[in-house]
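For the sequence shown, the UniProt record's numbering gives the first residue as 1, with consecutive numbering after it.
Every residue gets a Cβ at the ideal spot worked out from N, C-alpha and C, and that includes glycine.
What follows is a single structure, written as structure tokens, with notes after it.
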Amino acid sequence: MTKVLQRSGKRKISVKPHLQHHEVLYKNMDWAAETAAYYGFSPLSFPETTKIDREKARQVEKNDKETEKNYLPFFELSDRIAVLRDYVQKKLDKEPQPILISYSSTGSDKKTFRFGLEIVGSPKSIADATVIKTALEILKGHHCNNLIVRINSMGDRESFNRFLKEFIAFGKKNLGELSQICRNDFKKNPLCIFSCNHEKCGKVLVDAPKPMGTLSEPSRIHFKEVLEYLEILDIPYRIEDTLIADRTFGCQTVFKISEECDENTALATGVRYNILSRKIGFKKELPAISARIEIKDMGKKVPCSRKMEKPLVCFVQIGFEAKLKSLEVVEILRSAKIPTYQSLSKDKLSSQLQIAENLKIPFTIIMGQKEAVENSVIVRSMNTRSQETVPLPLLAKYLAKLIK
């Protein structure tokens, strides 16, 4: 989160003195928070859900006539409201956007690890990809193997309303084919079929209208870009057109992450909730996306003595091709344990370089369209302005020698 990361010293930095006197940015981070920090997330305490938050949630559900809450595991409407309230109370809307936050907690049984990721203030597909990639790397750090992302798009408000109209008409025609429970619940909540495991309802869903079939052009482009990120990162995924979230807050991208050997058990889920802000009194729509991770049977206690130093490099990308490869670069730097600052949601070169100057970061890694095609980056010294082109496969080794 930019507000935290900008707390840097006033002294003039030359490369060697800076590297000899590392400044610690975060202390006592757990393994998940450390991973998230490399992707730009600042560890904070999750805001406590208040009585007012829960009352607002009940009012939103009443207004939307929503009765089903089991579409997407780990997500509660009142928690989303608490995040947006905290965003305003801490005046994070006055900070450079977007705001990236991570938070962790242990379940009541002390063996369940829960971790959350929030990006507030960015409608861009790179935010969706960042949340998914970060969640995957956290799960891999816990030795979760052969992970697959099941993903869908609910579209924007207008898109989903069109889908809902078509789906209700279809459901009425096929009411007799549903299970007894869903027949009884259909009038009150037609989307109950999506959370039903009955064989009859599963057969009806095969031919039913799907949210992706009514996407607006902006929603279609957004989802296409998210999938492009997954493909370039070699992330296994499957489009699951019956995957939806609570319509009181869910929109656009929705996903589940699980192991291929047990796809019924979600290890992480995520959704955009751009539409919620207006429903709780905001004057305009506030783009936001969240992921929740829940790992049971943690076994051994995870050490929390990790620390992260202030960034030694600033990663800058220009152009969509470079943005597509940006998360790959971040992962190279994370794997090499090189403290990094990046602002993947920004597009202009000047604004990104200004951040490196303000934070007095000694090195900048630059990727433009040419470098993206050639699978390389430019490494620039911010002190001497000298620079060198380095192939991506050699980047970690090159930087290790440079900052040794």
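- The criterion of a C-beta distance shorter than 8 Å is not satisfied by Ser326 and Met382.
- Beta-bridge annotation (DSSP): Asp262 is paired with Glu259.
- Taking C-alpha positions only, Gly281 is separated from Glu61 by approximately 14 Å.
- Counting C-beta atoms within 10 angstroms of its own C-beta, Asp207 has fewer than 16 neighbours from the protein chains shown and is therefore classed as exposed.
- Shown here, Thr49 sits in coil according to DSSP, grouped into three states, outside any helix or strand.
- For Ile168, the uninterrupted alpha helix (DSSP H) segment begins and ends at Arg157 to Lys173.
- Nearest to Ile355 by C-alpha distance, out of Leu205, Pro96 and Asp156, is Pro96.
- Straight through space, the alpha carbons of Met154 and Gln252 are spaced by roughly 5 Å.
- Under the DSSP assignment, Thr134 falls in the alpha helix (DSSP H) whose first and last residues are Ser125 to Gly141.
- As DSSP reads the structure, Phe315 sits in a beta bridge with Gln342 and Ile365.
- One Cα belongs to Gln369, the other to Val254, and the distance between them is close to 29 Å.
- The region 112–122 and the region 277–293 touch, with no fewer than 3 CB-CB distances between them shorter than 8 Å.
- Here the alpha carbons of Arg58 and Asp128 stand approximately 28 Å from one another.
- The Cβ atoms of Tyr341 and Leu353 do not sit closer than 8 Å to each other.
- Bounds of the alpha helix (DSSP H) holding Arg85 are Leu77 to Gln89.
- Distances from the CA of Lys187 to each of Ala169, Gly202 and Asn197 were compared; the closest alpha carbon is that of Ala169.
- Residue pairing for Gln387: DSSP places it in a beta bridge opposite Arg380.
- In this structure, DSSP gives Cys251 an extended state, which the three-state scheme calls strand.
- Between Ile275 and Glu285, the CB-CB gap stays under 8 Å.
- Straight-line measurement puts the Cα of Val313 at about 51 Å from the Cα of Lys165.
- The beta carbons of Thr112 and Glu294 sit closer together than 8 Å.
- Annotation: Asn146 to Val329 spans about 22 Å, alpha carbon to alpha carbon.
- Secondary structure at Met154: coil, using DSSP grouped into helix, strand and coil.
- Ser386 is classed as exposed because its beta carbon has fewer than 16 other beta carbons within 10 Å across all chains shown.
- Judged by their CB atoms, Thr35 and Arg334 are nearer to each other than the 8 Å cut-off.
- By the C-beta criterion, the region 229–238 is judged not to be in contact with the region 167–184, since fewer than 3 inter-stretch pairs fall below 8 Å.
- For the pair Leu243 and Lys224, the CB atoms are not nearer than the 8 Å cut-off.
- In the three-state reduction of the DSSP assignment, Ser42 falls in the strand class.
- Judged by DSSP in its simplified three-state form, Phe186 adopts coil rather than helix or strand.
- Within 10 angstroms of the beta-carbon of Cys192 lie 16 or more other beta-carbons, which makes it buried.
- Apart from sequence neighbours up to five positions away, no residue of its chain approaches Glu217 with a beta-carbon distance below 6 Å.
- Counting only runs that start and end inside the region 189–251, the alpha helix (DSSP H) elements of at least 4 residues fall at 199–207 and 217–232.
- Glu34 carries a helical assignment under DSSP once its states are collapsed to helix, strand and coil.
- Asn375 and Glu357 have their C-alpha atoms some 26 Å from each other.
- Per DSSP, the unbroken beta strand (DSSP E) holding Ser290 starts and ends at Ala288 to Ile295.
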